[in-house]
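Numbering (the numbering used here), first residue to last: 94 to 906. In this text, a Cβ means the ideal position worked out from N, Cα and C, and glycines have one as well.
In structure tokens:
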């Protein structure tokens, strides 16, 4: 991808005008909280993507780059806010300059401007994860499994997996609804057929017995087997010679409808209450209803945005970013709405099933109502049945269910007026009809039996087809999930191996056996980590906040390795180790330096010790550090380039400030002595507050190094290693000379820093003190790689005294 050579920032966020020059190297911006460090991060992110993540997401409603990206004094002049970023492209071995202005954040200029460079800038803009703060990194560790899956898949550019999974899940659910409706239709037609045949079940023997009893009355051949093509009414018209009427079957149909009408008040009452409650929630929050009903519409529009014109309504926005933020906020509100949407559809489908069942009972009676009921009663029943079916058809979407709210609340069945009286009058009329001949009754019975048998067979076929579709949809969904999960599982195995390895490196002393497990399952991603060989647990369970921060950084690095491989050339990390223990921060320096030697890290921190550690561990050099001392609205950050300690002391002495130089030298030597005490294994008298001064730190270091040289000399002599003997002899002589000068001048620092007789020291005299300490430290530092000498292993008996590059390596045993 790219590496940054320089960044010029003008009137952006808290910065008035600032230039930093990382020169393709890792670079540190240090300073106290509120000194403006995050403005550098915002500027780099804005230059690369046109966005500022600090002004987007949860809790940022009403914020935008155009309105709040410029310096507060230039908030009405967004065009004054600009970032000019010079970057290097390793793949092309070329340098280019990108300039982006808040006045038009989606537009940028390039110099040189050609298709390859522009395509690369567009690719970088698709990777906002290159710029992350602690809160953004820790979310990979602490997020819920479903959210973690979405966040990590988004980082790895695998969103299509989750989106396709969701579409297939929706398809499977819709097929299941159709199958449930088909099963209900079978139950309704089965009940209707049983009622007509006057049998308890549709066992073939019972059905044939009822059918053949009436066929015998008509002198028709008995049916010995029911097959799909069987017509139980075959020959009826010829045998009977006209239409007929079956009083018993008619009475059963009327009485079934009467029983249903008597229970209308309680029909579907539970589902009605749930539907009304969810509709009330939506009405109380119109934005939620809008999110439910327009989600797919908004999602489509979000993917079509190309400029400041809304693709959904053609409205012109102040800029593209504001439009994107507006649409994303709408989608964010849809999470809660999803659950309401599912409940509404489920309960609406159940009410629709009850309406269809009631309609089936009405359909069986309405011909009787037309023939034997009061004037117009048959028409009323037919109208009621059509109305029930029409109502049921409107209970499939949130919009249509909301449109039926009044009917659902007032009583959705809406029977004709005086229905119970008219049904009772119809029943009385049927009873009063003279019983026709048995042959006419048999004719009627068989004709209607065939109608209901055909309906039952049709619904069974529809049910079979629906269940086959459900099985196919579920198989397709499960297969996709299995393939996707297998792919993700293999990917996550590689990620968890890198993650575990990185974490072990920064916690080698106490968690050398650390392992992690990432387990994908149906749109979620569980993360469990080992806790001191006591089992696998979620990171929140037992690990401290500092360890969680370390995990977040390690997981992020592992993910970026998998995403970009050797193209992972840039990461901007904003105060990401604030909770990590200071002892582990050194190991983080080594991890970044050794495992990611080709990656440029732009790091901000408010911790001066962490800044010093990055220099000591050679992650950065002093000139690759910028210090913000303080900040004001008028000036922005007050910047001090990180000068070397020796240069700063020399400047103090040039001004004649010996006491200042002495204090600076003492602080520097206390820090270096603490580093050397740890690296060389010096023995200190324990202090519970860990507050050691120079007098307690440096003498044990000096003593320890002398002992190490004597041990190395003994080992070289014992093994007859002439080369090692000469090496140790030279180091011992140089050490003796440096220590002699140190012993002579050491007392001056104590006196000067405590203001005792400091006025009697001249700058020239104190320069001799400085030189003595520089000579002492030079003997403890490799002249080839500038690293401090150290013993290995850190725990147990020391075996080797060495530097980082290996040019000094003396056996101690």
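Secondary structure at residue i, three-state DSSP: helix, strand or coil?
| i | result |
| --- | --- |
| residue 336 | Annotation note: pLDDT 49 at residue 336 (below 50); position unreliable, coordinate value reported separately. Three-state result, residue 336: coil. |
| residue 128 | coil |
| residue 404 | coil |
| residue 724 | strand |
| residue 872 | coil |
| residue 610 | strand |
| residue 705 | helix |
| residue 109 | strand |
| residue 667 | strand |
| residue 305 | helix |
| residue 549 | helix |
| residue 497 | coil |
| residue 904 | strand |
| residue 651 | helix |
| residue 847 | In this predicted model, residue 847 has a pLDDT of only 49, less than 50, meaning its place in the structure is not dependable enough to derive any value. |
| residue 880 | coil |
| residue 489 | coil |
| residue 637 | coil |
| residue 208 | helix |
| residue 292 | coil |
| residue 122 | strand |
| residue 621 | strand |
| residue 852 | Legend: pLDDT at residue 852 = 45, less than 50; position of this residue unreliable, value from coordinates given subsequently. Reduced to three states, the DSSP call for residue 852 is helix. |
| residue 201 | strand |
| residue 689 | coil |
| residue 314 | coil |
| residue 661 | coil |
| residue 779 | coil |
| residue 163 | strand |
| residue 732 | strand |
| residue 540 | helix |
| residue 698 | strand |
Alpha carbon to alpha carbon, what distance is there between residue j and residue i?
| i | j | result |
| --- | --- | --- |
| residue 443 | residue 550 | 23 Å |
| residue 726 | residue 764 | 34 Å |
| residue 879 | residue 176 | 36 Å |
| residue 300 | residue 317 | 11 Å |
| residue 309 | residue 326 | 12 Å |
| residue 711 | residue 767 | 17 Å |
| residue 290 | residue 347 | 15 Å |
| residue 897 | residue 882 | 8 Å |
| residue 340 | residue 461 | 10 Å |
| residue 114 | residue 572 | 52 Å |
What residue range does the beta strand (DSSP E) around residue i cover?
| i | result |
| --- | --- |
| residue 96 | 96-105 |
| residue 181 | 175-182 |
| residue 194 | 187-194 |
| residue 371 | No beta strand (DSSP E) contains residue 371, which is instead part of the alpha helix (DSSP H) from 362-377. |
Whose CA, out of the options, lies closest to the CA of residue i?
| i | options | result |
| --- | --- | --- |
| residue 610 | 519, 322, 592, 732 | 592 |
| residue 109 | 536, 128, 96 | 128 |
| residue 890 | 147, 775, 264 | 775 |
| residue 770 | 189, 759, 884, 222 | 884 |
| residue 118 | 667, 511, 690 | 690 |
| residue 817 | 746, 893, 870, 793 | 893 |
| residue 902 | 445, 858, 814, 97 | 814 |
| residue 869 | 218, 904, 826 | 826 |
| residue 182 | 134, 778, 197, 214 | 214 |
| residue 666 | 695, 566, 511, 738 | 695 |
Over what stretch of residues does the alpha helix (DSSP H) that includes residue i continue unbroken?
| i | result |
| --- | --- |
| residue 240 | 238-248 |
| residue 482 | 470-486 |
| residue 807 | 787-812 |
| residue 744 | 738-747 |
| residue 521 | 512-525 |
| residue 895 | Note, residue 895: premise wrong, no alpha helix (DSSP H); beta strand (DSSP E) at 893-895. |
| residue 154 | Premise fails: residue 154 is in no alpha helix (DSSP H) and is neither H nor E. |
| residue 425 | 413-425 |
| residue 765 | 751-773 |
Any beta carbon from chain B within less than 8 Å of residue i's own beta carbon?
| i | result |
| --- | --- |
| residue 869 | Of the chains in the structure shown, none is chain B; there is only one protein chain. |
Exercise. What runs of the beta strand (DSSP E), each 3 residues or longer, lie entirely inside the stretch 429-462?
Worked result: Listed in chain order, nothing qualifies, since the stretch 429-462 has no complete beta strand (DSSP E) run of 3 or more residues.
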